[in-house]
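**Q**
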Amino acid sequence: MEAIQHAFEAEDYTFSASCMDRPFNSIIKDGDESTLLDLLDKLSIKNMIVHPDLFYFQAGSGCRWTIR
Numbered sequence: 000m001e002a003i004q005h006a007f008e009a010e011d012y013t014f015s016a017s018c019m020d021r022p023f024n025s026i027i028k029d030g031d032e033s034t035l036l037d038l039l040d041k042l043s044i045k046n047m048i049v050h051p052d053l054f055y056f057q058a059g060s061g062c063r064w065t066i067r
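Its first residue numbered 0, the sequence shown is counted upward by one per residue in numbering that gives the first Met the number 0.
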């Protein structure tokens, strides 16, 4: 999670999405589901679409996207 947060701080949202997608299941199993959702809220839809697991996870949570 630390690398993901550093990528967000650097505003590298493409890398952030890639970092979240790789350990996606581990993040959820570790109980960081709410943190993951908070981070996903910061991504634009164009970064989400290339990572279907993240896209569908956020969609299933009832979140709404803003187009950036």
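No residue lacks a Cβ here, since even glycine has one placed at the ideal position from N, Cα and C. Quick caveat, the model's predicted, so the values are computed rather than measured.
1. Give me the Cα-Cα distance between residue 14 and residue 46, rounded to the nearest whole angstrom.
2. On the premise that residue 38 lies in contact with residue 3, defined as a C-beta separation below 8 angstroms, what is that separation, rounded to the nearest angstrom?
3. By Cβ distance below 7 angstroms, which residues in the same chain neighbour residue 29 in space, the five residues on each side in sequence not counted?
4. Mapping DSSP to helix, strand and coil, what is residue 35?
5. Going by Cα to Cα distance, which pick from 19, 6, 8 is closest to residue 49?
**A** This is what the structure holds:
1. A straight-line Cα-Cα distance of about 9 angstroms links residue 14 and residue 46.
2. Contact holds; Cβ gap of about 6 angstroms.
3. Excluding positions up to five away in sequence, the list is empty.
4. Annotated three-state conformation of residue 35 is helix, per DSSP.
5. Ranking 19, 6, 8 by CA distance to the CA of residue 49 puts 19 first.
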